[in-house]
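Protein chains in written order, with numbering that gives the first Met the number 0: chain A, 0 to 120; chain B, 0 to 120; chain C, 0 to 120; chain D, 0 to 120.
What follows is a set of notes on a single structure, which appears directly below.
There are 4 protein chains.
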Amino acid sequence: MSAQAEDSLEQLRQRLAEFAAARDWDQFHSPKNLAMALVGEAGELVEHFQWLTEEQSRGLDGERLKAVGHELADILIYLIRLADKLDVDLVQAAAEKIAINESRYPRERVRGDARRAEEYD
Amino acid sequence: MSAQAEDSLEQLRQRLAEFAAARDWDQFHSPKNLAMALVGEAGELVEHFQWLTEEQSRGLDGERLKAVGHELADILIYLIRLADKLDVDLVQAAAEKIAINESRYPRERVRGDARRAEEYD
Amino acid sequence: MSAQAEDSLEQLRQRLAEFAAARDWDQFHSPKNLAMALVGEAGELVEHFQWLTEEQSRGLDGERLKAVGHELADILIYLIRLADKLDVDLVQAAAEKIAINESRYPRERVRGDARRAEEYD
Amino acid sequence: MSAQAEDSLEQLRQRLAEFAAARDWDQFHSPKNLAMALVGEAGELVEHFQWLTEEQSRGLDGERLKAVGHELADILIYLIRLADKLDVDLVQAAAEKIAINESRYPRERVRGDARRAEEYD
Numbered sequence: 000m001s002a003q004a005e006d007s008l009e010q011l012r013q014r015l016a017e018f019a020a021a022r023d024w025d026q027f028h029s030p031k032n033l034a035m036a037l038v039g040e041a042g043e044l045v046e047h048f049q050w051l052t053e054e055q056s057r058g059l060d061g062e063r064l065k066a067v068g069h070e071l072a073d074i075l076i077y078l079i080r081l082a083d084k085l086d087v088d089l090v091q092a093a094a095e096k097i098a099i100n101e102s103r104y105p106r107e108r109v110r111g112d113a114r115r116a117e118e119y120d
Numbered sequence: 000m001s002a003q004a005e006d007s008l009e010q011l012r013q014r015l016a017e018f019a020a021a022r023d024w025d026q027f028h029s030p031k032n033l034a035m036a037l038v039g040e041a042g043e044l045v046e047h048f049q050w051l052t053e054e055q056s057r058g059l060d061g062e063r064l065k066a067v068g069h070e071l072a073d074i075l076i077y078l079i080r081l082a083d084k085l086d087v088d089l090v091q092a093a094a095e096k097i098a099i100n101e102s103r104y105p106r107e108r109v110r111g112d113a114r115r116a117e118e119y120d
Numbered sequence: 000m001s002a003q004a005e006d007s008l009e010q011l012r013q014r015l016a017e018f019a020a021a022r023d024w025d026q027f028h029s030p031k032n033l034a035m036a037l038v039g040e041a042g043e044l045v046e047h048f049q050w051l052t053e054e055q056s057r058g059l060d061g062e063r064l065k066a067v068g069h070e071l072a073d074i075l076i077y078l079i080r081l082a083d084k085l086d087v088d089l090v091q092a093a094a095e096k097i098a099i100n101e102s103r104y105p106r107e108r109v110r111g112d113a114r115r116a117e118e119y120d
Numbered sequence: 000m001s002a003q004a005e006d007s008l009e010q011l012r013q014r015l016a017e018f019a020a021a022r023d024w025d026q027f028h029s030p031k032n033l034a035m036a037l038v039g040e041a042g043e044l045v046e047h048f049q050w051l052t053e054e055q056s057r058g059l060d061g062e063r064l065k066a067v068g069h070e071l072a073d074i075l076i077y078l079i080r081l082a083d084k085l086d087v088d089l090v091q092a093a094a095e096k097i098a099i100n101e102s103r104y105p106r107e108r109v110r111g112d113a114r115r116a117e118e119y120d
C-alpha cells in the first residue's frame, strides 16, 4: 500500500463516498447543497462559543469538548465531500493558500498584529 | 519517519502552528475566535454558489474553481488550527461521527431520502 | 395612509420588491438562494469582529462602524426579501418568538446566566 | 404617540432591550457575541433548505414554514440587538445600502443577470 493510500484524508474521502453511494445520496450532494450543509455545521460550531469568553473557550469541559469535536468532524466531512465532488485536492489547495499567506503576511511586518492584509495597503 | 508523521493533516497542523508562532498570533487564536474565522470563510464559500443552480455548481469554470478551492483551503486551515488548540484529533472525531451516522441513517431505511434523522422518529 | 403603510419594514419590503422586479432578479430569489445570501452576509459581519476582543467590539471607530452598518443592512435586506418570498410577517414572527423566549427563560431563573434553555432541563 | 414610536422595528428594539435588562444579559451582549449568535441562527436557517431544490424551497408545508419563520425571527432579534448596541439606525443603513446597490447594479445593465458587481469591471 502506498503512503498516499494510507493518508487519513484519502481514507475518509473513500469512506464518505461509499457512505453516500450506499444511500443513493449523491443526487443531493451538489456542490451548492454541500456548501450549505458545511456552513450550517459551522453555525452550530459557533453556537457553542457565542456566550463564552475567549478564556472560557480555551478550557471547555469534557462533555462540551466532545460535542465541539463532533461539530468539527461534521465540518471536515462536508469539506471532504465538497472537495471530492469538485475534484479539488484539499491538501494541495491548503499548501497553496499557506504559501500565499506567507507572502501576504511577512512575519517581520505583522508580528503580534492580526489586521488583515488589505489593511496594510 | 512514521506513517503518522507523514500524514497530510499532521503535516498541515505543524506548518500552521509554526506560521502562527512566527507571527506571534497565538494570542488571537482562541477557540472562540477561530470558530468565528471558520464560519466567515464558510460564508465566503457559500457566496460562490448562492446564485448558481445546482447543475451550474457541478460545472464551475477554471477561474471560479480555483477561487472555491482556496475557500476550501481557508476552511481546512482554520479547522486544523481549532482542532489543534482544543487538542481534538480530527481524524478520530470524523471516524466516530461517521460511525454514528451509519447507525442513525441505516442504508435500507434512508435510501434516496435526505430527510434528517430526527424526522424519522 | 395607514400606520401600517408607513412602517419602515413594510416600506423596505416594497422598495426591495421593486428593485428585484426592475432587474428581473426574482428568478434568482428562491428562498433557498436568499437563505444562502443571508448567511454569506452574516459571515462577512462576523469577519469584522473575529480578531477583536469583546471590549474592542464595543468601541468600533467610525470607518469600521460604517462598514459594519452596511453589513447589518445587507442582512436586513435579505431577511426582508426572504420573508416576503415566504409570505412570513417578520414582525409577527418576532413577537411570537419573543413570547416563547419569555417563557423558556423566566427572568428569575436565568438572571445573569446565558446558558441555553436546554441546559436547564 | 409619534409615527416613529409606533414603528415596528423601534418597538421590537425597546422590547428586546427590556428583555435583556430584566435577565441581566447585557453583559453577554457584546457586538462580537451578538454577531456570533446571528450567524448561528443564519446557519440554522440554511439547514432547513440545504437538501431542498429551489422549487421545493418555494413551497414549504405549514410546519416547516412555521419553523423557518421562527428562524427568521431569531435573526431579526439578534440583528436589532446588535444594531442597538452599536447605535446603528437599521432603517437608515438599509436605505443607504439600497441606494448604493441601485448605482452598482443599474437596471439596464444587469437585467436578468445575477453576477456580482465586481464581475462587470
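Ideal Cβ placement from N, Cα and C applies to all residues, glycine included.
This one's a predicted model, so the numbers in the text were calculated from it and none came from an experiment.
So is A/V109 in contact with chain C if we call contact Cβ pairs under 8 Å?
-> no
Beta-carbon neighbours of D/V38, restricted to chain B and to distances below 7 Å = V38
Going along chain C in order, which residues have a C-beta closer than 9 Å to the C-beta of B/E43?
-> Here the neighbours are G39, G42, E43 and E46.
Starting from the N-terminal side, write out each stretch of the beta strand (DSSP E) that is 3 residues or longer and does not extend beyond the stretch 63 to 87 of chain D.
-> none
Min CB distance A/W24 to chain C below 8 Å = no
Using a C-beta to C-beta distance shorter than 7 Å, which residues of chain B count as neighbours of A/S102?
-> The contacting residues do not exist; A/S102 stays about 12 Å from chain B at best.
Curious, which full-length alpha helix (DSSP H) runs of at least 4 residues does the stretch 6 to 34 of chain C contain?
-> Fully enclosed alpha helix (DSSP H) runs of 4 or longer: 7 to 21.
Decide if B/K31 is buried, meaning its Cβ has at least 16 other Cβ atoms within 10 Å, or exposed.
-> buried
Mind checking whether B/Y77 and B/L8 have CB atoms under 8 Å apart?
-> The answer is no: Cβ separation not under 8 Å.
Which residue's Cα is closest to the Cα of B/L71: A/K96, A/E54 and A/L71?
-> The residue from A/K96, A/E54 and A/L71 with its alpha-carbon nearest to that of B/L71 is A/K96.
Anything in chain C within Cβ reach of B/F27, meaning under 8 Å, just list it in chain order.
-> W50
In the structure shown, what three-state DSSP assignment does A/S1 receive?
-> Since pLDDT at A/S1 reaches only 46, below the 50 mark, its modelled position is unreliable, and no value is offered.
Going along chain C in order, which residues have a C-beta closer than 7 Å to the C-beta of D/A93?
-> L11, A72, L75 and I76
State yes or no: is the beta carbon of C/A121 nearer than 8 Å to at least one beta carbon in chain A?
-> No information on residue 121 of chain C is available, as it lies outside the stretch 0 to 120 that chain C covers here.
B/D73, buried or exposed, once every other Cβ within 10 Å from all chains shown has been counted against 16 = buried
Simplified DSSP assignment, three categories, for A/Q91 = helix
Three-state class that DSSP yields for B/A36 in the structure shown = helix
Work out the CA separation of D/Q49 and A/M35 for me, nearest whole Å.
-> 6 Å
Compare the Cα-Cα distances from D/I99 to each of C/D6, C/L15, C/Q10 and C/V109 and report the closest residue.
-> C/L15
Do you know how far the Cα of B/S29 is from the Cα of A/G68?
-> 15 Å
Since A/D6 meets chain B, which of its residues come closer than 7 Å, beta carbon to beta carbon?
-> D6 and S7
Starting from the C-beta of B/V45, find all residues in its chain whose C-beta is less than 8 Å away, skip the five residues before and the five after it, and write them out in chain order.
-> none
Among A/E101, A/Q26 and A/A66, which residue has its Cα nearest to the Cα of B/L85?
-> A/A66
Does the Cβ of A/G39 have 16 or more other Cβ atoms within 10 Å, making it buried, or fewer, making it exposed?
-> Label assigned to A/G39: buried.
Under 7 Å between beta-carbons, which chain A residues line up against B/R14? List them in chain order, please.
-> Per Cβ cutoff of 7 Å: I97.
Going by CA-CA distance only, name the one from D/R12, D/W24, D/D6 and D/Q10 that's closest to C/R108.
-> D/W24
Apply the 10 Å Cβ neighbour rule to D/S56 and answer buried if 16 or more other Cβ atoms are within range, or exposed otherwise.
-> buried
Spatial distance of B/R103 from B/R114 (CA atoms) | 12 Å
Supposed close pair B/L75, A/L89 - CB separation, criterion 8 Å | 6 Å
Output yes if chain D places a C-beta closer than 8 Å to the C-beta of C/G68; else output no.
-> yes
If you compare alpha carbons, which of A/V87, A/Q13, A/G61 and A/G42 is closest to B/E62?
-> It is A/V87 whose Cα lies nearest to the Cα of B/E62.
Interface residues of chain C around D/A19 at Cβ under 9 Å?
-> Going along chain C, no residue has its Cβ under 9 Å from D/A19, so there is no contact; the nearest lies around 10 Å.
Grab me the residues of B/I79's own chain with a C-beta within less than 8 Å of its C-beta, minus the 5 sequence neighbours each way, in chain order.
-> L8, L11, R12, L15 and L89
At a CB-CB cut-off below 7 Å, which residues of chain B make contact with A/R80?
-> The contacting residues do not exist; A/R80 stays about 11 Å from chain B at best.
Rounded C-alpha distance that separates A/A2 from A/L81 = Confidence at A/A2 is low in this model, with a pLDDT of 49, below 50, so the placement of that residue is unreliable and no value is reported for it.
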